[in-house]
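Comments concern the structure below.
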Amino acid sequence: MELIKQEQGVAKSPSGYSAPDFRTLFESVPGLYLILTPDWTITAVSDAYLRATLTRREEILGRGLFDVFPDNPDDPAASGVQNLKASLMRVRSTRAADTMAIQKYDIRLPASEGGGFTERYWAPANTPMLNAAGEITFIIHSAEDVTESVRLQQHSSEQKKLNEERRQAESKLRAQLTRLALLSHITHAVGERQDSQSIFQVVANTVEEQLPVDICCICLCDPVTGDLTVASIGARSGVPASDLLTGRRMYVSMDKTALSSCIRGELVYEPHAGERRFAFPRHLSNASLHSVVVSPLLVEREIFGVLLAGRHPAQSFTPDDCEFLKQLSEHTALAAHQAQLHSALQKAYDDLRQTQQAVMQQERLRALGQMASGIAHDINNAISPVALYTESLLEREPDLSARTRDYLETIQRAIHDVSQTVARMREFYRQREPQLSLVPVDVNRLVKQVIDLTRARWSDMAQQRGSVIEISTDLAPHLPEIMGAESEIREALTNLIFNAVDAMPEGGKLKLRTAIMHPHSTSARQTGGEQQVCLEVIDTGIGMDEDTRRRCLEPFFTTKGERGTGLGLAMVYGVVQRHSADLGIDSIKGKGTTMRLTFGVPSAVVVEPAAHSTKQSQSVAWRILLVDDDPMLLKSLCDTLETEGHVLTATPGGQAGIDAFRAAHERGEPFDIVITDLGMPYVDGRKVASTLKALAPDIPIILLTGWGERMLAESDIPPHVDRVLGKPPKLAELQAVMAALAIAKPEG
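Here's what the structure looks like:
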């Protein structure tokens, strides 16, 4: 105090100048200073300190330091008073200066500024002032307001923290975007595929390459046995895959492994596979896969498989990895399900298209057959008299010259060819007629016969064009016989050879091959499992495109222009249908065609006994009623049958026939047999038959009609008719039928 008092005085120097006013100098210094007594009473303060602490000199001088500057009561962590008091006590005990660390020491605001405290940070120091005896007389408390610096540091620290958080968020976002891009890439890749196997392979390869993992595989689960069958393994799996999936099949009991929860629809993560007591995780660990994720493949709440991903290090899958694999499993399961639906839909569509084509083909053939049947009726009526007279002359005129007999035989063959041509026109749609005789057919022998029969076409005519066709056979030994109509199969094979020759205008190779297909073969299983005989006609010709192959069986469809009728393959198709066989066509444009006929082999071949002749002696004469509206046919029947000694009454229509029959019946001169046409105006053959049967139930009635074969094929035989014969009639067949019916007729 004495020092201060001296400083407050004005002393003169020897030179006459005034001494400095040290109090004024102290208060004016720019630093922040307090002068404290040893009991910490404030005795002096610099103006800068007053400004920094928002205080006034007259309010703080003579007061205790901690009364003027208490802790902020609103800050439970405030420690300014405690730390400053500890520093002053160290100064007082050591009599040495003490520099403090930066302190948070809030300053009270004046009432004019709203009161309360404002946050401040200080860098304080305390220095003792000693007298001559070494005793502390005063303590100089200095401080530096570092609030802005601390705030800048705090801001920098917060900024660093924010930057780190932002960096981590950006890294996480980039990882998420990478996984989303990978998921999108996989989804796009599998979306371009329509089969489950290729989808699984794309997923496994992509996950291994781009996630990445050391192994990725997809296993399908058997819901009954619980077995996992490996459907696909990533290309980079290498040794771990071979160790883990020996034989590409794992047998895992679902109720005893860590996979049981996966099969229930939950993702399984094994960060330490070797530490689990279950066999499956240890098996993975033995393959050096210490960290494994198994995610279920779930469709409509049903587990059909799992996606397995593994890495060598333990704990190497993050939660984001697990979430990605879970989402990938959902996409994979959905894509596989859609592929299965697509396959099923495609198969259903193909089946429907084939069915539609078959129905359309059958309808076209049926329409053609019905049209041909009408034409056949008229043609058969027209050639019937010629056929009857020719056959009668050949059988009953022994004195014919050789030339005349040759002419008649030529006429007879021509009539037979016309009849067969007409019959073939109906073969496009009809099923096998009940009366068609099936006999054992040796297909190998038939092949050799047809080759000889067609030699002119594939050898001589080809050489005339300057081309060579090499024909060969590959005939299976011990080929079983089939049941069929040998003439029809021969004609079908002939047509196939002709088509093959036409398909090789520049020459080529033609092979006829037979083979046996056993019940265990794919084709045999598809046709009911019976043994089959396969007959193939193979050429190296121009082949067919898909549209031509699809339409080649249609009637009148031809690629030969004016040289073709378009009926050859349609006829072959009809033969195949009537024999309950199968016709297969394999053809490549520019490479050739294979036509394949497949016939079933019966378990036992039954040979029908030859029919015994029922032709009666020339001395037996019958009263016959003929009913037909065609006068030429009536005349030819009368002429040929009268030579046998029969008595014939010819009537030109249905009503005339009924009247003649009724009159004879009333006279007591009944007819033995009635032969009637079917198609007649006003009263047709059905009406004639029903009326006559009403008058005489036992009278044999033969329906002679140009629609005979069609009626037999469709089982459309009138109820009052005993036998149906087609036109043109064969005299021997007509005689045999009449004899059989007359013999079977009850005695009157």
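For the sequence shown, our numbering gives the first residue as 1328, with consecutive numbering after it.
Glycine included, each C-beta is placed from N, C-alpha and C at the ideal position.
Problem - Inter-residue CB distance, Arg1723 and Thr2018 (contact presumed, cutoff 8 Å) - result: The Cβ separation is near 34 Å, so there is no contact.
Practice task
Label Gln1859 either buried or exposed according to how many other C-beta atoms from any shown protein chain fall within 10 Å of its C-beta, with 16 as the threshold for buried.
Solution key: buried
Handout entry: For Arg1447, the three-state DSSP class (helix, strand or coil)
Key = coil
Problem - Residue range of the beta strand (DSSP E) that includes Lys2054 - result: Element bounds for Lys2054: n/a, residue is neither H nor E.
Exercise for the section: Determine the direct distance from the alpha carbon of Val2001 to that of Asp1956, and round the result to whole angstroms. Expected result: 15 Å
Exercise for the section: Give the straight-line distance between the Cα atoms of Phe1393 and Arg1493, rounded to the nearest whole angstrom. Expected result: 44 Å
Practice task
Within 10 angstroms of the Cβ of His1482, are there 16 or more other Cβ atoms? Answer buried if so, exposed if not.
Solution key: exposed
Practice task
Determine which residues share a DSSP beta bridge with Pro1397 and list them.
Solution key: BP columns for Pro1397 are empty, so no partner.
Problem - Buried versus exposed, by CB contacts within 10 Å (16 or more), Arg1638 - result: buried
Problem - The beta strand (DSSP E) enclosing Leu1547, as first and last residue numbers - result: Ile1542 to Cys1548
Problem - beta strand (DSSP E) segments (min. 3 residues) lying fully within the region 1963-1992 - result: 1974-1978
Problem - Under the three-state DSSP convention, the category Glu1627 falls into - result: coil
Handout entry: Extent of the continuous alpha helix (DSSP H) run through Arg1876
Key = Glu1873 to Arg1878
Practice task
Would you tell me roughly how many angstroms separate the C-alpha atoms of Gln1480 and Val1473, rounded to the nearest one?
Solution key: 10 Å
Exercise for the section: Could you spell out where the alpha helix (DSSP H) holding Tyr1376 opens and where it closes? Expected result: Asp1374 to Thr1380
Handout entry: DSSP-derived helix/strand/coil call for Met1844
Key = strand
Handout entry: Beta-carbon spacing of Thr1659, Leu1624 below 8 Å
Key = yes
Exercise for the section: Alpha carbon to alpha carbon, how far is Leu1924 from Ser1850? Give it in angstroms, no decimals. Expected result: Since pLDDT at Ser1850 reaches only 47, below the 50 mark, its modelled position is unreliable, and no value is offered.
Exercise for the section: Could you check what DSSP says for Asn1291 in three-state terms: helix, strand or coil? Expected result: Examination of residue 1291 is not possible in this model, given that the chain is present from 1328 through 2075 alone.
Handout entry: Residues sharing a beta bridge with Gln1430, DSSP
Key = Trp1449
Handout entry: Check whether Val1974 and Arg1989 have beta carbons under 8 Å apart
Key = no
Practice task
Could you please give the first and the last residue of the uninterrupted beta strand (DSSP E) stretch that includes Ser1559?
Solution key: Leu1555 to Ile1560
Exercise for the section: Give the straight-line distance between the Cα atoms of Pro1347 and Asp1433, rounded to the nearest whole angstrom. Expected result: 36 Å
Problem - Nearest to Leu1352 (by Cα), restricted to the options Phe1444, Asp1374, Asp1366 and Leu1363 - result: Asp1374
Handout entry: Which of helix, strand or coil DSSP assigns to Ser1728
Key = coil
Exercise for the section: Give the range of the alpha helix (DSSP H) segment to which Thr2018 is assigned. Expected result: Gly2012 to Leu2022
Exercise for the section: Using beta-carbon positions only, say whether Leu2031 and Pro2008 come within less than 8 Å of one another. Expected result: no
Practice task
Ignore the nearest five residues each way along the sequence and tell me which others in Ile2028's own chain have a CB closer than 6 Å to its CB.
Solution key: Val2001, Ala2016, Val2048 and Asp2049
Exercise for the section: Please classify Pro1403: is it buried, with 16 or more other beta-carbons within 10 angstroms of its beta-carbon, or exposed? Expected result: exposed
Problem - Whole-Å CB distance - Leu1510 paired with Leu1679, under 8 Å assumed - result: Contact doesn't hold; Cβ gap of about 36 Å is too wide.
Handout entry: Below-8 Å beta-carbon distance, Phe1527 vs any chain C residue
Key = Structure shown: chain C not included; a single protein chain is present.
Practice task
Could you tell me which residues DSSP puts in a beta bridge with Met1810?
Solution key: Pro1767
Practice task
Pick out whichever of Asp1647, Ala1714 and Thr1682 has its Cα sitting closest to the Cα of Leu1500.
Solution key: Asp1647
Handout entry: Which of helix, strand or coil DSSP assigns to Lys1836
Key = strand
Practice task
Helix, strand or coil for Tyr2076, going by three-state DSSP, please let me know.
Solution key: Nothing in the structure corresponds to residue 2076, since the chain is present only between 1328 and 2075.
Handout entry: Cα-Cα separation, Phe1825 to His1992
Key = 58 Å
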